[in-house]
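Residue numbers (this note's numbering), protein chains in the order written: chain A, 15 to 205; chain B, 15 to 205.
Glycine is no exception: its CB is placed at the ideal position from the N, C-alpha and C atoms.
These numbers come from a predicted model, not from an experiment.
Working notes for the structure below.
There are 2 protein chains.
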Amino acid sequence: MVKEKVLVEISARHIHITNEHLAVLFGEGYKLTPKKDLSQPGQFACEEKLTVVGSRSEMKMSILGPTRKASQVELSLTDARTLGIDAMIRESGHIEGTNGCKLVGPKGEVILDKGVIAAKRHIHLKPEDANRLNVTDQEIVNVKIETPERTTIYGDVVIRVRADFAAAMHIDTDEGNAAGINGTAFGEIVK
Amino acid sequence: MVKEKVLVEISARHIHITNEHLAVLFGEGYKLTPKKDLSQPGQFACEEKLTVVGSRSEMKMSILGPTRKASQVELSLTDARTLGIDAMIRESGHIEGTNGCKLVGPKGEVILDKGVIAAKRHIHLKPEDANRLNVTDQEIVNVKIETPERTTIYGDVVIRVRADFAAAMHIDTDEGNAAGINGTAFGEIVK
C-alpha cells in the first residue's frame, strides 16, 4: 500500500500585524492590499512590507493578512542570526517570553517587546484528513521528506486540526533547504 | 547499551583557494594568515576574506587554508538564494558541472567557472572510528540529532574515512538551524 503524503510548503520570513500597529506603521485607517492567496483559506500575502530591525542588521519582510490579535515576526534561525535577534522556536501565536524587535513602516515605527519566532514545524489538517491519516490535534509526529541528495526525517512536527485548514505541512526556509527541497515536495507521516 | 555518538560541527560559508588564485586576489607571493585551527588536522580558518559576487547580491566569506588544487565556495542554500547562484549539493572537491561566481580580493578579481557548492552532509572518521561504528568509507547512513524542539534524522550522510581525519559530522548552517542546534551537538548513526 502506498502511504498518503502531505504537501510540504516552505514559509519565507513574514510578519503578522495588529490593526493598531498597522495604523501606526502605515497611517490611520490604512487597509492591507492582498497580493496573493495562500493555501490556508482566508490567508493572503500583502503588497506591504516592513523593515525588521535587529541588533546586527535589518531586513524587509512582507506582511501576511488578515490582521491578527498580536503582531508576530516569523523567520528562519538563519535570518535571526543575520539580524542579531535570539528567536525562539514556537508555534504561531505562542509568543509569551519571546524576544521582540523594531518594525519600521512608511509612516511610523513600532517596538515589539515580544513576537519574533522561528515557527515550530507543523501540519495543517481538516478533521477528515486527520482521521484518514490516523493523527489527532496537537499530536507530535515525524515526517519523511525524500529528495535526491538530502532525504530528511523531521521530528517534533505538530499536528494542527481545524475545519478551515487545508492539508499542508509548513516548514521554514532553513528546513526546506536542509532537506534539499527544490520545487513541489511531499512528506510522509512516520510515527 | 548506549550507542556512541559523533560530534556534529556546523560549517559556515567559506572559500578554498588555489595558490594561483591567491596570487591574483592578494598579490604575488602572498601567504594565508592562519587565525584558528579547525577540527580536521592541518585545516585552519584564515584572517583573509573575499567578496563572493552573485547575480543578486554579494557576501564576504573567510578563506580556509591551506591552499588547494581547486578553488571552491561552500555555502548554504539560503546563502545561494541570497546571492543568486544556483548551488548544487556536492561532496567537497566534486565540482565538475557546478556553477561559478566572481571572487573579489584586495588586489584583484577571479571569475570561477565552477566551484560553488552546498556541501553534501558527511562524517569524517579515522579507520579505527569507522570500525568501531561499523561503517565503511563512502557508505551512506542516517544520523539522528536530538534537540529540544527540532529533533531531526538526516539521511544521505556520506561516511569519509582517512587516517588524518578527526571524528566529526559536518553539516551547513541551514542543516544546523533546521535541527535547532544551539551549542555543542552530537549525532547517532542509525542505519
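Using a Cβ-Cβ cut-off of 6 Å (strictly less than) and excluding sequence neighbours within five positions of residue i, which residues of its own chain qualify?
i	result
I77 (chain A)	I29, I31, C60 and E62
K74 (chain A)	K63 and T65
G194 (chain A)	T161, E163 and R164
Flag residue i as yes if its beta-carbon sits less than 8 Å from any beta-carbon of chain B, otherwise no.
i	result
Y44 (chain A)	no
T198 (chain A)	no
T92 (chain A)	yes
So which residues of chain C does residue i contact, with C-beta pairs closer than 7 Å?
i	result
A192 (chain B)	In the structure shown, chain C does not exist; the protein chains are A and B.
Taking the C-alpha atoms as reference points, what is the distance between residue i and residue j?
i	j	result
L123 (chain B)	C115 (chain B)	A small correction: the amino acid at residue 123 (chain B) is Glu; Leu does not occupy that position in the sequence shown. Whole-angstrom Cα-Cα distance: 11 Å.
G68 (chain A)	V130 (chain A)	10 Å
N33 (chain A)	K49 (chain A)	18 Å
K17 (chain B)	R164 (chain B)	21 Å
D100 (chain A)	L89 (chain A)	11 Å
N196 (chain B)	T96 (chain A)	15 Å
T14 (chain A)	T161 (chain A)	Because chain A is modelled from 15 through 205, residue 14 (chain A) falls outside the range shown and cannot be assessed.
F58 (chain A)	T187 (chain A)	19 Å
I167 (chain B)	D170 (chain A)	11 Å
G98 (chain A)	R70 (chain A)	5 Å
N148 (chain A)	A94 (chain A)	35 Å
A26 (chain A)	Y44 (chain B)	42 Å
T92 (chain A)	N191 (chain B)	7 Å
L126 (chain B)	E189 (chain B)	26 Å
T81 (chain B)	V118 (chain B)	17 Å
A177 (chain A)	M102 (chain B)	40 Å
R146 (chain A)	E72 (chain B)	48 Å
V87 (chain B)	G56 (chain A)	42 Å
In its own chain, which residues sit with a C-beta less than 8 Å from the C-beta of residue i, not counting the 5 before and 5 after it?
i	result
A182 (chain B)	V20, L21, V22, E23, S53, Q54, I137 and H138
T150 (chain B)	A144, I173 and V175
A84 (chain B)	H30, T32, G107, I109 and G129
R104 (chain A)	T112, I131, A132, A133 and K134
Please list, in chain order, all residues of the same chain as residue i whose beta carbon is under 7 Å from its beta carbon, the five residues on each side excluded.
i	result
K121 (chain B)	L39, F40 and G41
G201 (chain B)	K19, V20, V22, V157, K158, I159 and M183
F179 (chain A)	Q54, H138, L139 and K140
T47 (chain B)	C60, E61 and E62
E142 (chain B)	none
V155 (chain A)	V149, V171, I173, I203 and K205
**OP:** Can you give me, in chain order, the residues of the region 98-116 of chain A that have a beta carbon less than 7 Å from any beta carbon in chain B?
**Re:** For the region 98-116 of chain A, which is checked against every Cβ of chain B, the residues closer than 7 Å are I103.
Original post:
What residues in the region 60-90 of chain A bring their beta carbon closer than 9 Å to a beta carbon of chain B?
Top reply: Cβ contacts with chain B come from S90.
Original post:
Just by C-beta distance, which residues in the region 146-170 of chain B are closer than 9 Å to chain A?
Top reply: Taking 9 Å as the cut-off between beta carbons, the residues of the region 146-170 of chain B near chain A are N156, K158, E160, T161, P162, E163, R164, T165, T166, I167, Y168, G169 and D170, in sequence order.
Subject >> Residues from the region 133-146 of chain B in contact with chain A, defined by Cβ distance under 9 Å >> reply: Within the region 133-146 of chain B, the qualifying residues are K134 and R135.
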